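Going down the list, the sequences are from chains A, B, C and D.
Each residue of the first sequence is one higher than the one before, starting from 0 at the first, in numbering that gives the first Met the number 0.
Each residue of the second sequence is one higher than the one before, starting from 0 at the first, in numbering that gives the first Met the number 0.
Each residue of the third sequence is one higher than the one before, starting from 0 at the first, in numbering that gives the first Met the number 0.
Each residue of the fourth sequence is one higher than the one before, starting from 0 at the first, in numbering that gives the first Met the number 0.
For reference, the structure is listed below as C-alpha cells.
Protein chains: 4
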Amino acid sequence: MIVVMEAGASERQVQAVVERIRGAGLNTHISVGVSRTVIGVVGDDRTKEILRESLEVASGVERVVAILQPYKLVSREFLPHDTVVTAGGQPIGGARVAVIAGPCSVESREQILAAADGVKAAGATLLRGGAFKPRTSPYSFQGLEEEGLRLLAEARDRTGLPVVTEAMDAAQLELVVRYADMIQIGARNMQNYTLLREAGRARLPVLLKRGVSATIEELLMAAEYILSEGNYQVVLCERGIRGFNGHTRYTLDLSAVPVLKQLTHLPVLVDPSHGTGKWRYVAPMARAAVAAGADGLMVEVHPDPANALSDGPQSLNIENFAGLMASLRPIAGALGREI
Amino acid sequence: MIVVMEAGASERQVQAVVERIRGAGLNTHISVGVSRTVIGVVGDDRTKEILRESLEVASGVERVVAILQPYKLVSREFLPHDTVVTAGGQPIGGARVAVIAGPCSVESREQILAAADGVKAAGATLLRGGAFKPRTSPYSFQGLEEEGLRLLAEARDRTGLPVVTEAMDAAQLELVVRYADMIQIGARNMQNYTLLREAGRARLPVLLKRGVSATIEELLMAAEYILSEGNYQVVLCERGIRGFNGHTRYTLDLSAVPVLKQLTHLPVLVDPSHGTGKWRYVAPMARAAVAAGADGLMVEVHPDPANALSDGPQSLNIENFAGLMASLRPIAGALGREI
Amino acid sequence: MIVVMEAGASERQVQAVVERIRGAGLNTHISVGVSRTVIGVVGDDRTKEILRESLEVASGVERVVAILQPYKLVSREFLPHDTVVTAGGQPIGGARVAVIAGPCSVESREQILAAADGVKAAGATLLRGGAFKPRTSPYSFQGLEEEGLRLLAEARDRTGLPVVTEAMDAAQLELVVRYADMIQIGARNMQNYTLLREAGRARLPVLLKRGVSATIEELLMAAEYILSEGNYQVVLCERGIRGFNGHTRYTLDLSAVPVLKQLTHLPVLVDPSHGTGKWRYVAPMARAAVAAGADGLMVEVHPDPANALSDGPQSLNIENFAGLMASLRPIAGALGREI
Amino acid sequence: MIVVMEAGASERQVQAVVERIRGAGLNTHISVGVSRTVIGVVGDDRTKEILRESLEVASGVERVVAILQPYKLVSREFLPHDTVVTAGGQPIGGARVAVIAGPCSVESREQILAAADGVKAAGATLLRGGAFKPRTSPYSFQGLEEEGLRLLAEARDRTGLPVVTEAMDAAQLELVVRYADMIQIGARNMQNYTLLREAGRARLPVLLKRGVSATIEELLMAAEYILSEGNYQVVLCERGIRGFNGHTRYTLDLSAVPVLKQLTHLPVLVDPSHGTGKWRYVAPMARAAVAAGADGLMVEVHPDPANALSDGPQSLNIENFAGLMASLRPIAGALGREI
C-alpha cells in the first residue's frame with residue numbers, strides 16, 4: 000500500500016501519517032520526491048486494508064494506492080492450477096467445454112422435457128431452467144416454484160443431464176439444494192451477501208453470474224464470500240454489462256474471459272443469451288466466447304421460442320442450438336479443447 | 000404497442016402477426032409505408048405486455064416498440080399529486096426538504112449518540128445508521144446487527160429523530176421493523192424481488208436506493224413491486240451510477256431528479272456521499288441536488304471520520320455537516336422550500 | 000415515424016399536430032387507444048426527419064418514435080450484398096480474413112522494415128503504421144510525419160503489403176493519399192465531419208474506427224458522410240468502447256460485429272490491440288473477433304515492444320504475432336473462411 | 000512513479016528493471032514486501048513518462064502506477080489562483096456567474112437578432128450561435144457558414160454581447176477569429192489535436208467542451224494542448240457524458256464541477272441543454288450547476304423552438320430563459336456570487 004501526500008504537505012503531516020501506520024504495527028518506506036512525498040506501507044495485508052480508509056482521510060494525504068488485490072482464496076496466487084468444478088458428475092473447467100442449455104423458465108412438464116431431450120441430443124452437458132424467476136415487472140410470470148424444481152429433477156432423471164437453477168433467497172436455496180445439482184446466483188443478486196454466505200455453506204457447486212455493472216474485482220469479491228465459507232466449487236459467468244449499444248440488451252464483455260483466467264483459478268463461463276438479448280446474435284457470440292478461452296457456455300434454448308413465457312426473443316430453438324453446437328466443435332478443437 | 004415489420008416482410012407474414020394479435024383479443028391498425036408495414040396494437044395493456052416478446056420473435060418482425068410505461072401504481076398518471084411519505088412523524092416530500100444524516104454504520108453507543116446529537120443540532124430531520132453492512136469484502140466489518148438496531152432506537156429516543164436503516168433479507172427486515180421507523184433497501188438489493196415483496200408487506204415506509212446501473216424504468220419497476228403489495232409509502236433515492244470519472248466513486252445522476260419528478264408521484268432523495276465517495280465533493284453535490292429539485296438528502300456524517308469503521312473517506316464530520324446545512328437554507332429558500 | 004401524444008392531450012392538440020404533419024406533405028394514421036392517441040406518419044423520409052424535432056416540441060406530444068434508420072447508403076437495404084473493399088490490390092471483406100498489422104507509429108527505417116518483414120512472413124495482408132500520432136499528451140512523441148509516410152512506402156515496395164495510415168486533418172489527408180493505399184480515420188476523429196467529407200472525396204479506401212463512446216448509429220452515420228460524397232470504399236472497425244473493466248483499456252464490443260453485419264453491407268474489422276490495451280489479451284480477443292464473424296483484424300506488432308515509442312504495452316512482438324496467425328487459421332476454417 | 004513486480008518475480012528481473020530506470024538517469028527506492036517487490040522511481044517527470052510504457056512491458060512487472068498527473072500548465076499546482084478568462088470584455092470565472100445563451104445555429108438575421116435581444120434583456124452575458132454545425136447526419140442543416148458569422152457580429156454590435164461560436168477545423172478557425180470573441184471547440188473535437196494546437200496559437204479565448212466519453216484527465220490534457228501553445232485563456236465546459244438514463248440525451252456529470260475546480264485553475268461552465276437534450280430539464284439542471292459551483296452556464300435559447308432547424312427540443316424560448324435567469328439569482332446569491 001502506498002500513501003501519496005499532497006504537493007504542499009508539511010513535515011508534520013507526513014510524520015503523523017507515519018506514526019499512524021507504525022502504530023498499527025506496519026512498517027514504512029519514505030520516499031521524498033521533487034513534488035511529493037510517498038510513503039510505502041509494508042506488513043500484514045489485513046491490517047493495511049483496515050487502515051486504508053482512515054489514511055485516505057488523514058490530513059495532507061492526496062490518495063492511497065493499493066498494491067495487492069483485496070481477494071485471496073479466489074486468486075491464482077492462492078491456487079495456481081485451474082479448478083475443475085463438478086456438478087452432478089459433469090466437469091466444468093478443464094479440457095472439455097461445458098454447455099449448460101435449457102429454457103429461461105420451466106413452464107410445463109411437456110416444455111421442460113422437450114427442451115431437455117433436445118439439448119441433450121445436441122450435446123449439452125448440463126440442463127438449465129428457472130423455477131423462481133426474477134422478473135423486472137411484478138406483473139410478469141414469476142415461475143412454477145417447487146413444481147418447477149420437481150420437473151427439472153424429472154428431466155435430469157430422464158436425460159442424465161445435471162440441473163442448474165437459480166435461488167434468490169435462503170428459503171429458495173434450501174429447495175434448490177434438495178432438487179438440483181448446481182445453485183445459480185443471478186446477476187441481480189451478485190452482491191446479495193446473505194445469499195452468497197448461505198451458498199458458501201451449501202454442499203452444491205455454485206454458478207455466480209456477474210452483475211451488469213460489476214467490476215472484475217467486485218465479481219471476484221462476491222466469489223470470495225462463497226469460498227470464505229468453505230465452498231470452493233464456484234464457477235463465474237460473464238453475461239453482459241450495461242452499455243450503450245442499443246441493438247443488444249447488454250454489452251457482452253468477452254475480454255473478461257482472459258482477464259479472469261489470469262486472475263483466478265475458477266472456471267469462467269459466458270452467457271451469450273442474456274448478453275445480447277437477441278437470438279440472432281447468440282451463435283456468433285457463443286463462438287467468440289469459446290475462441291476467447293471460456294470454459295463453457297450457458298445458452299437459453301426453448302422448444303418454441305415464440306410461445307415462451309419469458310426470454311423468448313433471446314432463446315434458440317432446438318434446431319438452431321444443434322447447429323450452434325456443430326459450429327462450436329471445430330473452434331474448440333482449434334484451441335485444443337473438445338465440446 | 001407498435002410492431003414494425005422488416006423491409007421485405009411478405010403479405011403472409013404481416014397477416015400471421017395480425018392474426019396472433021387479434022387472437023389475443025387486441026385490435027390492430029395497419030399502416031403500409033414506403034419501405035415498411037407498421038402494425039399498431041390497441042387494447043388491454045397487460046395482454047400487450049404478455050404478447051410483446053412473442054411478437055418480437057415472430058417471422059418478418061423487425062422490432063416491437065412499446066408506447067406505454069410498464070409501471071402503473073408509481074406513475075404520475077395513476078396519482079397526479081406528489082406523495083408525502085411520513086416516517087416516524089417526519090414528512091418526506093412536500094415543501095420541507097428532508098435531511099437524513101448519520102454514520103455509515105453504527106459502531107458503538109458513544110459513536111451513534113454523538114452522531115445523532117450532532118446531526119440533530121445541525122437540523123437533520125431523520126437519523127441514518129447501518130446495523131447490517133453490505134460490504135464488498137467478506138473480511139470487512141459487517142455491522143453490530145441487533146445491538147446496532149438497539150443503539151439506533153436509543154439515539155431516536157434521546158433526540159426525537161426517526162431512524163432509517165437497511166435490511167438485506169427477510170430475517171433482517173423483521174428486526175428492522177421492530178426497531179426502526181423506515182426500511183432502507185440498498186442499491187445492491189434494488190432488484191432483490193423477494194426483499195421488495197417483503198418490504199411491500201411491511202407496515203413501515205421504505206427508502207429504495209437506485210442500483211448503480213439501474214435505468215429509471217428499472218428503479219420505478221422495483222418500486223412498483225413494493226406498491227403492488229400494498230405499501231405506498233416509498234421514497235426513491237439517487238446515489239450515483241457506474242461511470243468513468245475516476246475522481247468520484249460513482250457518477251451522481253442528478254438529472255434523474257427532474258426525470259423522476261415528472262414520471263412518478265413518489266418523493267425523490269439524493270445521496271451525495273455514496274454518489275461521490277469523497278467528503279470534499281459532498282457539500283457542492285448536496286447543494287446541487289436541492290437546486291435540482293430533490294425532496295431531500297441522505298448524507299453520511301460521523302463524529303470522527305478518520306476512525307470510522309466504514310465509509311470514513313466520504314463522511315462529513317459534525318462541523319462540516321452543520322456548515323452544509325447552513326449553506327442549503329438559502330438555496331431551498333430560492334426554490335420556495337425550507338430546510 | 001410515430002407521434003405519441005401525452006395521456007391528457009386535448010383534441011385540439013392532436014388536431015394541431017396532424018395539421019403540422021399534413022402541412023409538410025405527409026399523411027397521418029390516427030389511432031386512439033385507451034390512454035393515449037398515437038399518430039402514424041407516412042411519406043417521404045427526409046421530410047419526416049426534418050419534421051421530427053419540431054414535433055417533439057409541439058404542445059401535447061409525449062415523444063416521437065422513429066421507425067426507420069437515419070442512414071441510407073451504408074444500409075443493407077440499400078445494398079443487400081457484402082461490399083468487398085480493395086486496398087492496394089488486397090481485398091477486405093469476402094471469404095479471406097484480412098489482417099492489417101504493424102507498429103503503432105513509424106519510429107525509424109530499421110523499425111518499420113523489420114516490422115513489415117515480420118508481419119509479412121507471418122501472413123499479414125496489409126501494413127499499418129502511424130506517421131502522425133494523435134497522443135493524449137502534447138509532450139509525447141508525435142510521429143515522423145512525411146518522413147514516416149516515405150518509410151511506409153518503402154516498406155510496401157519491399158514487402159508488397161499495401162499501407163494503411165491515419166490522417167487527422169485535410170492537410171495530412173493529402174499527404175496520406177500521396178503515399179498510402181488506405182486512409183485511416185481514428186476513433187477520436189470519427190465525428191470530425193470536415194475530415195469525413197474530405198475522405199469522401201478522396202480516391203482511396205477508408206478505414207473508419209468507431210469512437211469510444213459512439214453508438215452503432217453514430218458509427219454508421221459517420222460512414223454515411225463518406226459514402227454521401229461518393230466514396231463507397233469504406234471499412235468499419237470496432238476498437239473498444241469506454242467501460243469500467245479496469246483491467247483493459249477499453250471494453251471491446253464484439254457484439255458490434257454481428258450487429259453491424261446485419262445492418263450494413265460494409266466490411267467490419269476488429270482492433271484487439273486498442274480494445275484491450277494489453278498484449279496478453281490481444282490473441283484471445285483476436286480469435287474471438289474472427290469467431291464472431293469479423294472480416295479482419297487490425298493488430299499492433301512491434302519488433303521490440305519494450306522500446307516502442309508508443310503503445311508498447313499493447314503491441315505483440317513478431318514471434319507472438321506469428322503464433323496468433325497460426326492459431327487463427329483453424330478458427331477461420333471452422334467458419335468457412337481462410338486467413 | 001511506482002513499479003509493482005509480479006508475485007513470483009526473480010531477483011534478476013528486479014535487477015533488470017532497476018538498471019533500466021537508473022540508466023535513464025532516475026533514482027530507485029526498493030521495497031521488498033511479503034508477497035511483492037515495489038520499486039519507487041524518483042526524478043524528472045518527463046523522463047518517467049517516457050519510461051513508463053517500456054517498464055509496463057518489462058519482464059516480471061505486474062503494473063506501473065503513476066503518482067503525478069500527466070498535465071502541468073492547467074493544474075492548480077502550477078497556478079494556485081482561479082484564472083479569469085475575458086471574452087470581448089466579459090469575464091468568465093470569478094464572482095460573477097457567466098451566462099452564454101443563444102440558439103444552436105444561426106438560421107436567419109431575424110432569428111439571431113431576436114435571440115440576441117431576448118437573452119440580453121434576460122441578463123445573458125455572452126451570445127452563442129453556430130455558423131458551422133457538426134450534425135450526426137450529412138443530410139441535416141449544416142449551418143449558414145460565413146454568413147452566419149456575419150450575422151453573429153451584427154447581433155454583437157447591436158446588443159453588446161460578445162460572441163462565442165464553434166470552429167471545426169483550421170479553415171473555420173480563421174473565419175471564427177475574424178468575427179467572434181471566443182472560439183468554441185465542440186465535444187466531438189475535444190481530441191482533434193490539430194485543431195487544439197491551432198486554437199492554442201489563436202489570439203482569442205477558447206471554450207473547450209468535454210467529449211461525451213472523455214475522462215477528467217483527457218479533458219485536462221486536451222486543454223494542456225492549447226495552453227502548451229501559449230494560449231492560457233481557456234474555459235472548460237461539462238456537457239454530459241454517455242450514460243444509460245434514456246430519458247436524457249446524455250448524463251450531465253455535475254460532480255465534474257467540484258472535481259475540476261480542485262484540479263485546475265481554469266473556469267468551468269456547464270451546458271445543461273446538450274447535457275439533458277430536453278428543455279424541461281434545462282432549468283433544474285442549470286440551477287443545480289450553479290449550486291455545484293460552476294463559473295457559468297451555456298444555454299440554448301431560440302425565439303421559436305418549435306421551428307428551430309436544429310436542437311429545438313432542448314432549446315428554451317425567451318420567456319422560459321428569462322424565468323430561469325430570475326430563479327438563478329438567489330441561488331448564486333446563496334453561494335456569494337452574482338448573476
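Heads up, the beta-carbon is just placed ideally off N, CA and C, and yes, glycines get one too.
Keep in mind that this is a model prediction, so the values were computed, not measured.
{"Item": "Within 9 angstroms, strictly: CB atoms of Val64 of chain A and Met4 of chain A", "Value": "no"}
{"Item": "Per-residue burial, Ser212 of chain A [other beta carbons within 10 Å of its own, 16 or more giving buried]", "Value": "buried"}
{"Item": "Member of D:Leu125, D:Lys260, D:Asn319 and D:Glu144 whose CA lies at the smallest distance from the CA of Arg177 of chain D", "Value": "D:Glu144"}
{"Item": "CB contact flag (Leu265 of chain C, Val84 of chain C, <9 angstroms)", "Value": "yes"}
{"Item": "Beta-carbon contacts of Val258 of chain C that lie in its chain and below 7 angstroms, excluding the five residues immediately before and after", "Value": "Ile215"}
{"Item": "Distance CB(Leu50 of chain D)-CB(Ile20 of chain D) smaller than 9 angstroms", "Value": "yes"}
{"Item": "Three-state secondary structure (DSSP) of Gly245 of chain A", "Value": "coil"}
{"Item": "Alpha-carbon to alpha-carbon, Asn230 of chain A and Arg200 of chain A", "Value": "6 angstroms"}
{"Item": "Contact belief for Ala341 of chain D with Val289 of chain B at Cβ below 8 angstroms, rounded distance in angstroms", "Value": "The structure shown does not extend to residue 341 of chain D, since chain D is modelled only from 0 to 338, so the question has no answer here."}
{"Item": "Chain A contact for Leu67 of chain D (CB, 9 angstroms cutoff)", "Value": "yes"}
{"Item": "Stretch pair the segment 120-127 of chain B + the segment 51-62 of chain A: three plus CB contacts closer than 8 angstroms", "Value": "no"}
{"Item": "Min CB distance Ala198 of chain B to chain A below 9 angstroms", "Value": "no"}
{"Item": "Selected residue, minimal CA-CA separation from Gly311 of chain B, among B:Arg279, B:Ala186 and B:Ala333", "Value": "B:Arg279"}
{"Item": "Contact check, Gly117 of chain D vs Ala321 of chain D, beta carbons under 9 angstroms", "Value": "yes"}
{"Item": "Leu315 of chain B to His273 of chain B span [Cα, whole Å]", "Value": "12 angstroms"}
{"Item": "Residue-level contact to chain G via CB, Ile215 of chain B, 9 angstroms cutoff", "Value": "Structure shown: chain G not included; protein chains present are A, B, C and D."}
{"Item": "Cα-Cα separation between Arg45 of chain D and Ala15 of chain A, rounded to whole angstroms", "Value": "31 angstroms"}
{"Item": "Contact with chain C by Ser34 of chain B, beta-carbon distance below 9 angstroms", "Value": "yes"}
{"Item": "Within-9 angstroms CB hit, His273 of chain C to chain B", "Value": "no"}
{"Item": "Beta carbon of Arg108 of chain C nearer than 9 angstroms to that of Leu160 of chain C", "Value": "no"}
{"Item": "Cβ pair Asp180 of chain B, Arg157 of chain B closer than 9 angstroms", "Value": "no"}
{"Item": "Through-space distance from Ile330 of chain B to Glu223 of chain D, alpha-carbon basis", "Value": "35 angstroms"}
{"Item": "In chain order, each alpha helix (DSSP H) run of at least 4 residues that lies wholly inside the segment 78-155 of chain D", "Value": "108-121"}
{"Item": "Chain D within 9 angstroms of Ile20 of chain A, Cβ atoms only", "Value": "no"}
{"Item": "Other residues of its chain near Phe77 of chain C: CB distance less than 7 angstroms, five sequence neighbours each side excluded", "Value": "Lys71"}
{"Item": "9 angstroms Cβ cutoff, Ile330 of chain B in contact with chain C", "Value": "no"}
{"Item": "Gly24 of chain D to Glu237 of chain B span [Cα, whole Å]", "Value": "50 angstroms"}
{"Item": "Beta-carbon proximity check, Met167 of chain B vs Pro133 of chain B, cutoff 9 angstroms", "Value": "yes"}
{"Item": "Whether Val105 of chain A touches Gly142 of chain A by CB criterion (9 angstroms)", "Value": "yes"}
{"Item": "Chain-ordered chain D contacts of Arg155 of chain C [CB-CB under 9 angstroms]", "Value": "What Arg155 of chain C touches in chain D: nothing, since even the nearest Cβ is about 25 angstroms away."}
{"Item": "Under 9 angstroms between C-beta atoms of Val205 of chain C and Gln171 of chain C", "Value": "no"}
{"Item": "Which listed residue (C:Gly39, C:Lys208 and C:Pro79) has its alpha carbon closest to that of Thr263 of chain C", "Value": "C:Pro79"}
{"Item": "Residue environment, Asn306 of chain A, which counts as buried when at least 16 other CB atoms sit within 10 Å", "Value": "exposed"}
{"Item": "Beta carbon of Gly129 of chain A nearer than 9 angstroms to that of Glu165 of chain A", "Value": "yes"}
{"Item": "Within-9 angstroms CB hit, Leu78 of chain B to chain A", "Value": "no"}
{"Item": "Test: Tyr70 of chain C CB closer than 9 angstroms to a CB of chain A", "Value": "no"}
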